[in-house]
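Just below is one structure, and these are the notes that go with it.
Residue numbers (the working numbering): -16 to 975.
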């Protein structure tokens, strides 16, 4: 069968499942039409005390500047030497100018309508003026034609007429340089203090998948770079020439225009007005937003990495080593970085020499100061609602923030009105959400709701409520974007059965609130007390609850573990706070499209919510149509297998694995998507294969080559879902495994080698379960466990196949004792809780660890003998070890136990200047880092991480930077147990 025929089979198979489930929904809807409403009348919610935020205010807010001016999607701002005017390039082709000395100006004069000159223009991305503008009248503009044109992004030079106000001569255009147009074009233009023109270029691709042209490390073209050209002297074949000191001049297969490379979409750059440093903001992909202080010849990693996160690790790197970002922002707080300017205005003296930059998606604004080759101050300045696409700076050093959505200019001012609420409820009973908190009875106007497909939550269950102020209504835009009124609250109380299988033993753990403050959703958690009478607001850093659960397997068996209450930052991992329609995961049509019991009445939930005007009537009307959006209960075996599996992935995975979701892979797992749009079938994984031969994200018909199933089935590093669960959902893995197995295979997909291995492993397992010879069986199982796929096959045998207790114990023993962690992680769930490895992880309870007694003798063994710790490779104690780092012979005299722990957890937090990392970039492009031993006119001497001394002649050095960063790795204790860490601390404390 051909590949197209296979695809058609998959499409028909998915369509049949969807139609069947839709029929069930429609029957329920028709029945609801004939019944009374579950909610006959709206009761206003008037008791809310959930206002503002308990968190302290930031120092600044934004204030509108030039309030009488408004532009249509401003994207780039420039000033011209000798002119006290801002030149504002609008996205679709018009450029205006106005006098920035007059805050009340109401006129912006047309400078150029480039769309008239070039009808094919799609967007203007950059504008700058020649440093000798007063003499030559030159302006440079970067604009983009339609995507995917080889010469679709261009930089042109124009002449400015000597008029008042200034006007640009459209017929004077001279195209200087061009490159491939795409989603990421860069397009920022700046003249450096050296008089050369610097140009940023993107990778020419869409937002996803990443770097479709593999341009990031390919220096044979102009993509993903900062270019540097001489526009004052034409070359032999080009209207510009190459500066002789560009880093890659005369190198084979490297474009000489390149100054630095490895950027995804460098969005806005600037030069420091005094020292000439070049700074750029680089828009990240799925996990990080990046700011770079750009070095000559620097390689900034894309698309081998996004910051420090691997993306395409197999890509051939460019000619110079990858450099780390100067600043990296997680997608928990930023989604689309915009580079800014250094502030030098006397208006806010405390911000002098601060690099101010921001984020388009979140509206957050930050400041940093950089001196002595390191960032020595970095703070969030303001949390605005602006869509920051550009910054502007005038001749006084005043920095303006440009909002593409509102079309205006803004500036920072000391905060006048803070959202901080010192009276924010610290007890759940104070929120106004419950009329009887102990009985969990909600206040009038707070409405219960249920969902079709609850996410797996380690055996916990949830009750859900929605509360809108007074009698307000959710507005629906384009059928999918639900806009909630300000101060709406969604409530979820999470409970767990302390005796698994006994509903009467349910114990409330926490109540989570999602509060919409009018601009974004913010999450808070309240921890229930032991008496179950009230719950207390947990700190911003989160909390943990120690649990004892009786599993009944076998009888009277209990397990102990800690339930993590998420930090407020962790809430934003799933509930992204800045794309409001993406923030809410359960209160959406596909989840609400179901029946709900209201007292003695059962009604369709959307019908009742529309009747009392929580939702507009259109939502209920659309939910009955042929295009109705719905999920099903993944654990309901009466539903179609495909619908169940797609609903499971939607509710457990889709919050990250969707556009703008923050997942590190390009897959999209929303149930509404067709099979091709999921980007999983037959697709090679980008985040690791885990030793699976010929791995695919989902290999149709072959669950044992499917990385998605493996990551759901394991514990430890790489487990999915990434957050919200630490226990394997065996019903969920069985469902997904059966679904993958039921998918029609893709013709020619599986190699002969894979087929032969699968047949061999299947026969070995079949023999093993039928033969009683223990030694023979052990050999067979060990051979199957020789591959990760074999481990998945044995896991299925344990879950689904009736086998003897003896066989079961043997399989678990061999799996948990396997030398490969990729195999062990699959079987760790079978171990008793007390036998599992209890690693500290990245979230360490310092107070608990410091109070834990330790054995200094065991700690000494760890210090000198534990391979993964490697203390001895850097530190000397008496005559033993090496002297790369500080001598620890008397460290117990200098630091307390608490201080020792703090220094291990955050080695760069407090660091002696002599242990700063020195980074040397050679003229050859090679980078050497280590501790600086000597620096004079004859030599630079470093000691590297291998404790080897490197001597470098100053003539070989391009740059030397001191970073306030320890060579000692972060999270050194992550894979130790608490007991091991306590032993290590005891040993270090004994060194006196």
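Yeah, the Cβ is synthetic: ideal placement off N, Cα and C, and Gly gets one too. Bear in mind that the values here come from a model prediction, so they are computed numbers and not experimental data.
In this structure, does DSSP put residue i in helix, strand or coil?
i           : result
residue 722 : helix
residue 631 : helix
residue 594 : helix
residue 851 : Because the pLDDT at residue 851 is just 45, under 50, the model does not fix this residue reliably, and the value given afterwards should be weighed accordingly. The answer is coil: DSSP assigns residue 851 none of H, G, I, E or B.
residue 664 : strand
residue 209 : strand
residue 10  : Residue placement at residue 10 is poorly supported in this model, since its pLDDT is 46, which falls under 50; the coordinates are not used for a value here.
residue 352 : strand
residue 827 : coil
residue 282 : strand
residue 273 : strand
residue 56  : coil
residue 30  : coil
residue 325 : strand
residue 252 : strand
residue 901 : strand
residue 886 : helix
Would you call the CB atoms of residue i and residue j closer than 7 Å?
i           : j           : result
residue 436 : residue 630 : yes
residue 433 : residue 45  : no
residue 385 : residue 376 : no
residue 143 : residue 120 : yes
residue 277 : residue 209 : yes
residue 164 : residue 127 : yes
residue 309 : residue 343 : no
residue 110 : residue 63  : no
residue 20  : residue 587 : no
residue 837 : residue 968 : yes
residue 823 : residue 961 : yes
residue 527 : residue 549 : no
Just confirm the distance between the C-beta atoms of residue i and residue j, as a whole number of angstroms; I'd bet it's less than 8 Å.
i           : j           : result
residue 772 : residue 687 : 4 Å
residue 352 : residue 337 : 6 Å
residue 247 : residue 199 : 7 Å
residue 926 : residue 867 : 6 Å
residue 456 : residue 299 : Going by Cβ atoms, the distance from residue 456 to residue 299 rounds to 56 Å, so no, they are not a contact pair.
residue 294 : residue 287 : 7 Å
residue 637 : residue 653 : 5 Å
residue 752 : residue 786 : 5 Å
residue 90  : residue 67  : So it is not a contact: roughly 15 Å between Cβ atoms.
residue 553 : residue 706 : 6 Å
Buried or exposed: where does residue i fall if 16 or more other Cβ atoms within 10 Å of its Cβ makes it buried?
i           : result
residue 374 : buried
residue 360 : exposed
residue 739 : exposed
residue 736 : exposed
residue 508 : buried
residue 410 : exposed
residue 622 : buried
residue 32  : exposed
residue 582 : exposed
residue 660 : exposed
residue 233 : exposed
residue 272 : buried
residue 657 : exposed
residue 339 : buried
residue 861 : exposed
Thinking just about the alpha-carbon of each residue, which of the options is nearest to the one in residue i?
i           : options               : result
residue 945 : 933, 739, 896 and 971 : 896
residue 112 : 140, 742, 521 and 101 : 140
residue 256 : 279, 207, 302 and 326 : 326
residue 104 : 85, 911, 73 and 94    : 73
residue 270 : 885, 838 and 640      : 640
residue 397 : 423, 404, 413 and 334 : 334
residue 78  : 122, 795, 213 and 766 : 122
residue 202 : 231, 605, 190 and 179 : 231
Given the structure, does residue i come close to the ligand MN, in the sense that its CB is under 6 Å from one of the ligand's heavy atoms?
i           : result
residue 133 : What this structure holds is no ligand at all, so the ligand MN is not there to describe.
Against chain D, does residue i count as a neighbour if the rule is that its beta carbon must be under 7 Å from one of theirs?
i          : result
residue 98 : Among the chains of the structure shown, chain D does not appear; only one protein chain is present.
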